[in-house]
Amino acid sequence: MFEPVLLRNVDVPDGHLLTTYEAGGGYQALGKALREHTPDEVIDLVKQSNLRGRGGAGFPTGMKWSFVPKRAGKPKYLCCNADESEPGTFKDRFIMERDPHQLIEGMAISAYAIGAETAYLYIRGEYGLAIRRLEQAIAEAQARGYLGTRILGSDFSFVVHIHCGAGAYICGEETAMLDSLQGKRAQPRLKPPFPAVEGLYASPTVINNVETLACVPHIVARGPDWFRGIGPYKSPGPKLYCLSGQVRKPGLYELPMGIPLRELVEDCAGGPPPGRKIKAVIPGGVSAPLIPERGLDVGMDFDSLAAAGSMLGSAGVIVIDDSTCMVKVATRIIEFFHHESCGKCTPCREGLNWAVKVLRRVEAGQGEPGDLEQLEALCKGIFGNSFCALGDGAAVGLRAALAHFEDEFVAHIKERRCPFH
Amino acid sequence: MTMREKIEAAAARYPDQRSAIMPALVIAQKQHGHLPGPVLEEVADILGVERIWVYELATFYTLFHTEPVGRFHLELCDNVSCMLRRSEDLLRHLEAVLGIKKGGTTPDGLFTLSTVECLGACEMAPVMQVGDDYHGDLDIARVDALLDRLRATARQATGADLAAAAPPGE
Ligand SMILES: Cc1cc2nc3c(=O)[nH]c(=O)nc-3n(C[C@H](O)[C@H](O)[C@H](O)COP(=O)(O)O)c2cc1C
Ligand code: SF4
Ligand code: FES
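First to last, the protein sequences are chains A and B.
Okay, so the first sequence: first residue is 1 according to UniProt numbering, each after it adds one.
Okay, so the second sequence: first residue is 1 according to UniProt numbering, each after it adds one.
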C-alpha cells in the first residue's frame, strides 16, 4: 500500500503551523543531517535515492548539487523555484499554503549539502496566501532555531528570503529567474556557464523546484532505499499529480511515479463528466504534447512519457472530453506562449505571433487551404531554433495537436466554421 | 513604517540594490494603488539605482500597473483548465452586468475587469483573483454573490476612506 508523505499534512487543520509539523516528526531530518552526516554524505544520500527534479526537466538532483564547486571563494546560493506558472499546475501552492515547514526543512537540508547560507524563495506574486503562510513559517522556524545562526547547535547558519515575482511565466525558467532576482527583466541566459558554477551574482547557485526540495527531508529520514523502492528504478519516489479540466474530481493526488495515466484520470479523478468520453489528455502542463485517448496506458514518469512522445513536465494533467474543440484548445495554448514569450529570440517571438494569427483564423472558420502546412512550417522554424525551452514547448505542443487531431483542423477549413459550435 | 523604511528594509535582504527594485515596486504599488512616473522615480531615488532600470521592470511584469485600476481588480483566468470549465460564460456575464468590456473600468471606479493567464489553482476552475484572494469553483450565481459582497465592502468605507484605502486583501 502506497503511503503519501508529501501530502501528509495538507488536509490536517493547522497543517501550516510549526507545532503540527513538529508533532509529525518535522525537523528531525534536519537535526539528523546536521548531527550524523557531512554535506557530501547528504549529497550522496540524494544521489542514491535517484531523486529527479520535479520542476519539469527531471535532472538528477544529487548530481546537480555535486556540480557546485567546493571551494569557490564566493558565497553560494540556493534558489527555490516557486514560480509555478505552467498552466494546469498547482502542486507547489498546496505545499506552501498547507505544509510550508516541509519546504523550509527541505531547503535547510539542501543548503547544508551545497554549502549555502542564503536562499531566495522566488514565488509568483499572485500566491497571496502561500506568501503569508511562508512568512509566518519562516518566522516560526527562526524563533525555534531551525533557521538563523548556528542552527541546532551546529556550525551551519542559513537564512531564507522570499522574493515575489510579478506575473511572467518566463521567470520559472531558471536562468531568467536569476536575472529577475538581480533586478532585470526576466530573460533566459546563455548556458554554459551553468548556474551551479556561475548563477546568482555570478556565484555558484542551485535552483530547485518546491516539490523537489520537499522530498529531501523524507529521503534523509527514511533513507534512499525507501525512496528508490517507489515506482520505476530510473525515476522513483512519491509524486504529486495535478488533475484538472473535464474530470469529475479535479484535485491534487500523491501517488508513485510511473502510475498509468489512465488509472490516474479514470480511477483517481473519476473520469470524464457523465455522458462524456475522454478525447485527449495533456500530461504535464501545456508545454507537454497532448496524448489522445488511445495512448493513455502510459506510465507517468520521465522516461515512459518521453518514449510516448510527450513529457512528465510539471505533472499538470489536463483532461479534455469529447465536447471540446481541439482547434480551440491548441489556439489557447499558443496564445499563452505568445503572450509569455520574453521576446529575446526571433523564432519564438515572431513565429508564435504568426502561429496565433493562423490558428485564430482557422478556429473562426476563415482558414485557407495551406494553413496547416503553414503551421507545420512554423513549428519547424521554432523547434530547435529558440533560445530556451519555452519556444520548443510551444512547437511540440502544436505539432502534437496537428498530428493527432488533423481531422478537426481540416473540418474547420473545409466547412468554414467550427463543427463544435 | 513609511514607504521609504519598508523599501530600505527589503533592500537589506540583497547584496545588490538593483535586486530590490521588484520588492520595492510591490511596496510602492500597495501604497499608491498603481505606479505613475513620479512614484517610479521615488523608488529609484530611494534605492539609488538608475531610473530606467525601474521603468524597465514596471513595464515588463504584468502585476505592476502604471495606469490606475479600479478599487477591485477582477482578474478572471481564461487559460486551458478554466476554459474547459467555461470561464468564457463568466466573462460574458461580467461584461454584461458591469457594462464594460474586458480591460475596462466601471465609471464609478469600482471594478476593473481583466483576463489573466493560469492562476495556479486549476483544481477549482474556473477561478478569479480579486486583490490577494482567489475565488474558485465559480458559476454565474457565485460571481453575482461575490460582486454584491465587494459592493457592500465599498459602501462600508466612507468617501474619504475610499481614497486612502489599500486594495482588498491587505
Ligand atoms: C519556460 C519555462 C518555465 C518554467 N517554469 C518552471 C516553474 O514554474 N517551476 C519550476 O520549478 N520549474 C520551472 N521550469 C524549469 C526550471 O527551468 C528548472 O529546470 C527547475 O526549476 C529546476 O528544478 P528541479 O531540478 O528541482 O526540477 C521552467 C522552465 C521553462 C523553460
Ligand atoms: S524561446 Fe521565447 S521565451 Fe525563450 S528566450 Fe526565446 S523569446 Fe524568450
Ligand atoms: S487554468 Fe485557470 S487557474 Fe489554471
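Just so it is clear, CB atoms sit at the ideal spot from N, CA and C, and this is done for glycine as well.
Being a predicted model, the structure only gives us computed values, none of them experimental.
Please work out which residues of its chain come closer than 7 Å, Cβ to Cβ, to valine 5 of chain A, disregarding the five sequence neighbours upstream and downstream, and give them in chain order. Here residue 5 of chain A refers to the residue found at position 5 of the first sequence. Counting only Cβ-Cβ distances below 7 Å, and skipping sequence neighbours, we find His218 and Pro238.
Once you ignore the five residues that flank alanine 121 of chain B on each side, which residues in its own chain have a CB closer than 7 Å to its CB? Residue mapping note: residue 121 of chain B aligns to position 121 of the second sequence, counting from 1. Closer than 7 Å at the Cβ level, and outside the excluded window around alanine 121 of chain B, lie Val127, Tyr134 and Gly136.
Closer than 8 Å between beta carbons: that is the criterion. Which residues of the stretch 20-40 of chain B meet it against chain A? Ala20, Ile21, Met22, Pro23, Leu25 and Val26
Quick check: is any heavy atom of ligand 2 less than 7 Å from the C-beta of serine 85 of chain A? Taking the first residue of the first sequence as position 1, residue 85 of chain A is located at position 85. Checking the Cβ of serine 85 of chain A against ligand 2 gives no.
With a 10 Å radius around its C-beta and 16 neighbouring C-beta atoms as the bar for buried, classify glycine 25 of chain A as buried or exposed. By 1-based counting over the first sequence, the position of residue 25 of chain A is 25. With fewer than 16 Cβ atoms within 10 Å of its Cβ, glycine 25 of chain A is classed as exposed.
Give me the Cα-Cα distance between aspartate 40 of chain A and aspartate 155 of chain A, rounded to the nearest whole angstrom. Here residue 40 of chain A refers to the residue found at position 40 when the first sequence is read from its first residue. Here residue 155 of chain A refers to the residue found at position 155 when the first sequence is read from its first residue. Taking the straight line from one Cα to the other gives about 15 Å.
Within 8 Å (strictly less), CB to CB, does glutamine 156 of chain B reach chain A? Residue 156 of chain B sits at position 156 when you count from the first residue of the second sequence. Cβ-Cβ to chain A under 8 Å: no for glutamine 156 of chain B.
Report the residue ranges of all beta strand (DSSP E) runs contained in full by the stretch 87-169 of chain A; include only those spanning at least 3 residues, in chain order. 118-123 and 159-164
Could you pull out every residue in the same chain whose Cβ sits closer than 8 Å to the Cβ of leucine 110 of chain B, ignoring the five residues on either side in sequence? For the purposes of this step, residue 110 of chain B is identified with residue 110 of the second sequence, where counting begins at 1. Same-chain partners within the cutoff: Gly70, Arg71, Phe72, Leu150, Arg151 and Ala154.
Proximal residues of chain B, C-beta to C-beta of serine 66 of chain A below 8 Å: In the first sequence, counting from the first residue as 1, residue 66 of chain A sits at position 66. What serine 66 of chain A touches in chain B: nothing, since even the nearest Cβ is about 25 Å away.
Pick out whichever of A:Cys80, A:Gln366 and A:Phe387 has its Cα sitting closest to the Cα of alanine 411 of chain A. For the purposes of this step, residue 411 of chain A is taken as residue 411 along the first sequence, with counting starting at 1. The option with the nearest alpha carbon to alanine 411 of chain A is A:Gln366.
Coil, strand or helix - isoleucine 259 of chain A by DSSP: Here residue 259 of chain A corresponds to residue number 259 of the first sequence, with the count starting at 1. Isoleucine 259 of chain A falls in the coil class under three-state DSSP.
Bridge partner(s) assigned by DSSP for lysine 239 of chain A: Position 239 of the first sequence, counted from the start, is the residue given in the question as residue 239 of chain A. Paired residues: A:Leu255.
Indicate the three-state DSSP secondary structure (helix, strand or coil) for aspartate 44 of chain A in the structure shown. Stepping through the first sequence from its first residue, residue 44 of chain A is reached at position 44. Aspartate 44 of chain A: helix per DSSP, three-state reduction.
Can you list the residues of chain A that tyrosine 61 of chain B reaches, using a CB-CB cut of under 7 Å? One-based indexing of the second sequence puts residue 61 of chain B at position 61. Ordered by position in chain A, the residues that pass the 7 Å Cβ test against tyrosine 61 of chain B are Ala166, Gly167 and Ala168.
Aspartate 392 of chain A burial status per 10 Å Cβ neighbour count (16 or more: buried): The count along the first sequence starts at 1 and reaches residue 392 of chain A at position 392. Flag for aspartate 392 of chain A reads buried.
Given threonine 331 of chain A, which residues of its chain have a CB within under 7 Å of its CB, disregarding the five upstream and five downstream residues? Locating residue 331 of chain A in the first sequence gives position 331, where the first residue counts as 1. If we look at threonine 331 of chain A and ignore the five residues flanking it on each side, its Cβ neighbours are Leu359, Arg360 and Glu363.
Glutamate 75 of chain B - partner residues in DSSP beta bridges: Locating residue 75 of chain B in the second sequence gives position 75, counting from the first residue. DSSP lists B:Ser114 and B:Gln129 as partners of glutamate 75 of chain B.
Below 7 Å between beta carbons is the criterion; list the residues of the stretch 116-127 of chain B that meet it against any residue of chain A, in chain order. Glu117, Cys118, Leu119, Gly120, Ala121, Cys122, Glu123 and Ala125
Boundaries of the alpha helix (DSSP H) in which alanine 364 of chain A is found, first to last residue: Along the first sequence, read from residue 1 onward, the residue named residue 364 of chain A stands at position 364. Unbroken run through alanine 364 of chain A: none, as it is neither H nor E.
Do three or more CB pairs link the stretch 196-206 of chain A to the stretch 81-99 of chain B at distances below 8 Å? no
Since alanine 82 of chain A sits in a beta bridge, which residues does DSSP pair it with? Here residue 82 of chain A is taken as the residue at index 82 of the first sequence, counted from 1. Beta-bridge pairing links alanine 82 of chain A to A:Ile123.
7 Å Cβ cut-off: residues of chain A touching proline 15 of chain B: For the purposes of this step, residue 15 of chain B is taken as residue 15 along the second sequence, with counting starting at 1. Chain A residues near proline 15 of chain B: Tyr201.
Can you find a heavy atom of ligand 3 that lies under 7 Å from the Cβ of cysteine 242 of chain A? Translated into positions along the first sequence, residue 242 of chain A becomes position 242. No, since every heavy atom of ligand 3 falls outside the 7 Å radius drawn around the Cβ of cysteine 242 of chain A.
Let me see if you follow: with CB-CB separation under 8 Å, is isoleucine 195 of chain A close to chain B or not? As a working mapping, residue 195 of chain A is identified with position 195 in the first sequence. Reading off the sequence, residue 195 of chain A comes out as proline, not isoleucine. No, no contact with chain B.
Valine 319 of chain A, enclosing beta strand (DSSP E) - first and last residue: As a first step, residue 319 of chain A is located in the first sequence; it is residue number 319 there, counting from the start. It spans 316-321 - the beta strand (DSSP E) in which valine 319 of chain A sits, taken as one unbroken run.
Option in A:Arg98, A:Glu84, A:Gln187 and A:Pro75 with minimal Cα separation from proline 13 of chain A: For the purposes of this step, residue 13 of chain A is taken as residue 13 along the first sequence, with counting starting at 1. Of the listed residues, the one whose Cα sits closest to proline 13 of chain A is A:Arg98.
Alanine 72 of chain A in three-state terms, based on DSSP: The residue you call residue 72 of chain A lines up with position 72 of the first sequence. Coil at alanine 72 of chain A, not helix or strand.
Go ahead and pull the three-state DSSP assignment for tyrosine 77 of chain A. The residue labelled residue 77 of chain A in the question sits at position 77 within the first sequence. Tyrosine 77 of chain A: strand per DSSP, three-state reduction.
Members of the stretch 83-96 of chain A that neighbour chain B once the beta carbon cut-off is set at 7 Å: Glu84, Ser85, Pro87, Gly88, Thr89, Phe90 and Arg93
Are any of the Cβ atoms in chain B nearer than 8 Å to that of tyrosine 253 of chain A? Position 253 of the first sequence, counted from the first residue, corresponds to residue 253 of chain A. So, not an interface residue.
CB contact check: arginine 149 of chain B to chain A, cutoff 8 Å: Taking the first residue of the second sequence as 1, we reach residue 149 of chain B at position 149. By this cut-off, arginine 149 of chain B is not an interface position.
My guess is that histidine 16 of chain A and proline 100 of chain A are in contact by the Cβ rule of under 8 Å, so how many angstroms apart are they, rounded? Residue numbering aside, residue 16 of chain A sits at position 16 when the first sequence is read from its first letter. Residue numbering aside, residue 100 of chain A sits at position 100 when the first sequence is read from its first letter. Indeed they touch by this definition, with Cβ atoms about 6 Å apart.
Output, in chain order, the set of chain B residues within a Cβ distance shorter than 8 Å of isoleucine 123 of chain A. As a working mapping, residue 123 of chain A is identified with position 123 in the first sequence. Within chain B, no residue comes near isoleucine 123 of chain A; the closest Cβ sits about 10 Å away, beyond 8 Å.
Under a Cβ-count criterion, where at least 16 other Cβ atoms within 10 Å of its own Cβ denotes burial, should proline 369 of chain A be classed as buried or exposed? The sequence position of residue 369 of chain A within the first sequence is 369, counting from 1. Looking at its Cβ environment, which holds fewer than 16 other Cβ atoms inside 10 Å, proline 369 of chain A is exposed.
For proline 224 of chain A, name the three-state secondary structure that DSSP assigns. Within the first sequence, numbered from 1, the residue matching residue 224 of chain A stands at position 224. Proline 224 of chain A falls in the helix class under three-state DSSP.
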